[in-house]
Amino acid sequence: MFERRLVHTSLMGSSLTAKVVSGYPQGGVLSSLLWNLVVDRLLTITNDLGFSTFGYADDIVIIVQGNFAYTVKEIMQEALNVVVKTAVK
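Taken in order, the sequence shown gives residues 0 to 88; the numbers are from numbering that gives the first Met the number 0.
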């Protein structure tokens, strides 16, 4: 389902590519139910905390901004910590 799928990000001349190793099965009824149960809650929590978080189809994006790369990194790390904390519950 996620074999050979990579995510890529770049910022100010630096870039990072990582392999996606898990996720929901695509195209089934269960996928929509899991999205509604898990991701809708995640979007609500992160947006309530002030992050710009959006979901479309089976993807999520968190948009952060700052004047310096370190600031962007810190804000994104805080958002990702919320995602991990929410996913564990």
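Every residue gets a Cβ at the ideal spot worked out from N, C-alpha and C, and that includes glycine.
Can you tell me whether Ala-78 is buried or exposed? The criterion is at least 16 other CB atoms within 10 Å of its CB, across all chains shown. Indexing the sequence shown from 1 puts residue 78 at position 79. Buried, since its Cβ has 16 or more Cβ neighbours within 10 Å.
Considering Val-38, what are the terminal residues of the alpha helix (DSSP H) in which it resides? One-based indexing of the sequence shown puts residue 38 at position 39. Premise fails: Val-38 is in no alpha helix (DSSP H) and is neither H nor E.
Using the DSSP secondary-structure output, state which residues sit across from Val-60 in a beta bridge. Translated into the one-based positions of the sequence shown, residue 60 becomes position 61. Paired residue(s): Phe-53.
Pull the bridge partners of Ala-17 from the DSSP assignment, please. The sequence position of residue 17 within the sequence shown is 18, counting from 1. According to DSSP, Ala-17 bridges with Val-6.
Just the Cα atoms here: how many angstroms apart are Ser-9 and Val-83? The residue labelled residue 9 in the question sits at position 10 within the sequence shown. The residue labelled residue 83 in the question sits at position 84 within the sequence shown. In a straight line, the C-alpha of Ser-9 is about 22 Å away from that of Val-83.
If we count the other Cβ atoms within 10 Å of its Cβ and call it buried at 16 or more, is Thr-43 buried or exposed? On the sequence shown, residue 43 is found 44 positions in, with the first residue counted as 1. Burial call: exposed.
Buried or exposed (CB count within 10 angstroms, at least 16 for buried), Thr-16: Residue mapping note: residue 16 aligns to position 17 of the sequence shown, counting from 1. Classification of Thr-16: exposed, given that the 10 Å Cβ count is below 16.
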